[in-house]
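Line by line, the protein sequences are chains A and B. Anchor point for the first sequence: position 15 equals 20 in our numbering, and the numbering is continuous, going up by one each time. Anchor point for the second sequence: position 4 equals 8 in our numbering, and the numbering is continuous, going up by one each time. Data first, discussion second: the structure below is written as structure tokens.
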Amino acid sequence: EAQVTQNPRYLITVTGKKLTVTCSQNMNHEYMSWYRQDPGLGLRQIYYSMNVEVTDKGDVPEGYKVSRKEKRNFPLILESPSPNQTSLYFCASSYRHQNTEAFFGQGTRLTVV
Amino acid sequence: LAKTTQPISMDSYEGQEVNITCSHNNIATNDYITWYQQFPSQGPRFIIQGYKTKVTNEVASLFIPADRKSSTLSLPRVSLSDTAVYYCLVGDLNTGGFKTIFGAGTRLFVKA
């Protein structure tokens with residue numbers, strides 16, 4: 006089954022404690038991206054990757070890092086989480102680039118206290 | 005990034021046809037129009053994509069007039085399970101990248 010898998014689904018952490026949210030897709034897609042969703046603000050893109058070792062900033066990249074060492078994985082790293090990063094995070098992938106049919110993960114609800 | 009304009013919310017009853025219109029006045033020649041559906045606490049799901057005239061799949065129809073400055077997503081005979089947020093986006097399939105952001109979308113509420 007074609008899918009994008011994020012882990013964990015829920016996470017509560019403390020300010021400053023580094024964390025990684027993993028994202029993996031099994032469709033051999035080139036394009037992957039991360040979004041955060043906050044009430045009233047819609048989905049905002051954090052980072053995206055056009056292919057292995059090719060990443061670029063989205064609209065709200067501050068406080069986040071990503072890596073794309075292999076095609077299937079695109080982890081989101083918060084080096085020093087802060088309460089304003091409390092949000093619902095989605096990973097997405099698509100075959101070639103963002104405008105083709107994008108598949109989204111189930112979401113990760115992160116709370117930073 | 006360009007913006008699309010959609011109604012913030014719509015109400016409907018089960019069995020009715022629902023039409024959600026999106027305005028994209030600055031659409032470029034190579035831009036396609038894509039619609040997504042999102043249920044609470046789930047990731048958006050691709051519904052339909054088109055360039056001009058009419059596109060139909062098993063879920064919805066997409067109507068795009070000749071000037072392409074707007075588009076209408078049509079959901080036939082909605083059910084309670086169609087209650088969701090619907091997003092309209094514009095982007096270039098040739099060069100890549102969404103030109104529009106996932107904004108607030110249109111919150112559709114289907115009543116019994």
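Glycine included, each C-beta is placed from N, C-alpha and C at the ideal position.
Go ahead and pull the three-state DSSP assignment for B/D86. helix
Looking only at C-alpha atoms, which of A/G45, A/I51, A/Y36 sits nearest to A/Y94? A/I51
With a threshold of 8 Å between beta carbons, is A/I17 in contact with chain B? no
Residues near A/N56 by beta carbon distance below 7 Å, same chain, minus five either side: E35
Could you tell me the alpha carbon to alpha carbon distance between A/T25 and A/Q11, rounded to whole angstroms? 11 Å
Report the partner residues of B/M14 according to the DSSP bridge assignment. B/L112
Chain C contact for B/A32 (CB, 8 Å cutoff): Protein chains in the displayed structure are A and B, and chain C is not among them.
Buried or exposed, going by whether 16 or more other CB atoms sit within 10 Å of the CB of A/R41? buried
What residues are listed by DSSP as bridge partners for A/Y40? A/Q50, A/F95
Identify the contact partners of B/S45 in chain A, using a Cβ-Cβ distance below 9 Å as the criterion. L93, Q111, G112, R114
Going by C-alpha distance, which of A/P44, A/S38, A/K76 is nearest A/Y69? A/S38
Tell me which same chain residues have a C-beta within less than 7 Å of the C-beta of A/S92, skipping the five on either side of it? R41, Q42, D43, L115
What do you reckon, are the CB atoms on B/R111 and B/V89 nearer than 8 Å? yes
Euclidean distance between Cα positions of A/K23 and A/E84: 5 Å
Cα-Cα separation, B/N117 to A/Y53: Since the first residue shown for chain B is 5 and the last is 116, residue 117 of chain B is missing from the structure and cannot be characterised.
Hey, does B/A64 have any beta-carbon neighbour from chain A nearer than 8 Å? no
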